[in-house]
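Per the numbering used here, residue 31 is the first one in the sequence shown, and the count goes up by one each step.
Cβ coordinates follow ideal geometry from the N, Cα and C atoms, glycine included.
If you're wondering where the values come from, they're calculated on a predicted model, not measured in any experiment.
For reference, the structure is listed below as structure tokens.
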Amino acid sequence: LLLKLINLIEKSRLDIQVKALVGFDFSYKKKLDHILSTYSPNITVKEFNYEDLFSSKLVISSFGVTPYEVIYNEIPVLTFGHKSKNALASEVLHDRYGCNFNLGLFADINDSSFVNTVEKFWNSEYLREKMQSSQKGLIDGEGLIRTGDLIYKIYNESW
């Protein structure tokens, strides 16, 4: 997925700074390094870290934990699903709250549509601010406490 996204951004010649954040166990690091050696210096790959993530102007992410983290931090996010259930969840979140922009199922993403969407959000402060206003207060950051309380309650009721 990451290789295709980076390739699309490189081919588009969008004048944007891209930091691809990859996890410790990312399988294609050598291949990615080789590919990037021929690409624009505007595209860099770094080990995943929250400082870079939370200082982003715009995030592109598969639907999972990361979109919730950036929504909580009020960072505009374009989301896609790597599986149909994830794509549906991305769509539902977009339709109900407008706190993300749903790109759909990754396998179905049209190259030119992807590039146009990235360019549109990158160049429009209005669209990013509109998304950020939808994100304000949507996630309270207390989900872990609620989950712990629920587990504690279930545990105590079983005794």
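Simplified DSSP state of residue 54, which is helix, strand or coil: For the purposes of this step, residue 54 is identified with residue 24 of the sequence shown, where counting begins at 1. Here residue 54 sits in coil by DSSP.
Residue interval of the alpha helix (DSSP H) (run including residue 144): Within the sequence shown, the letter at position 114 stands for residue 144. Element bounds for residue 144: 141-153.
Option nearest residue 166 by Cα separation, candidates 106, 33 and 89: Counting from one through the sequence shown, the residue named residue 166 turns up at place 136. Of the candidates 106, 33 and 89, the one whose C-alpha sits nearest the C-alpha of residue 166 is 106.
Any chain C beta carbon closer than 8 Å to residue 60: Any reference to chain C falls outside this structure, which holds one protein chain only.
Distance, residue 110 Cα to residue 71 Cα: As a working mapping, residue 71 is identified with position 41 in the sequence shown. As a working mapping, residue 110 is identified with position 80 in the sequence shown. So the alpha carbons of these two residues sit roughly 26 Å apart.
Nearest to residue 88 (by Cα), restricted to the options 94, 67 and 103: Along the sequence shown, one-based indexing puts residue 88 at 58. Of the listed residues, the one whose Cα sits closest to residue 88 is 103.
Same chain only: Cβ atoms within 8 Å of residue 119, ignoring 5 sequence neighbours per side: As a working mapping, residue 119 is identified with position 89 in the sequence shown. Taken in chain order, the residues that qualify are 93 and 111.
Residue 91 - containing beta strand (DSSP E), residue span: Taking the first residue of the sequence shown as position 1, residue 91 is located at position 61. First-last of the beta strand (DSSP E) with residue 91: 89-92.
From 69, 65, 78 and 68, residue whose alpha carbon lies closest to that of residue 54: Here residue 54 refers to the residue found at position 24 of the sequence shown. Answer by Cα proximity: 78.
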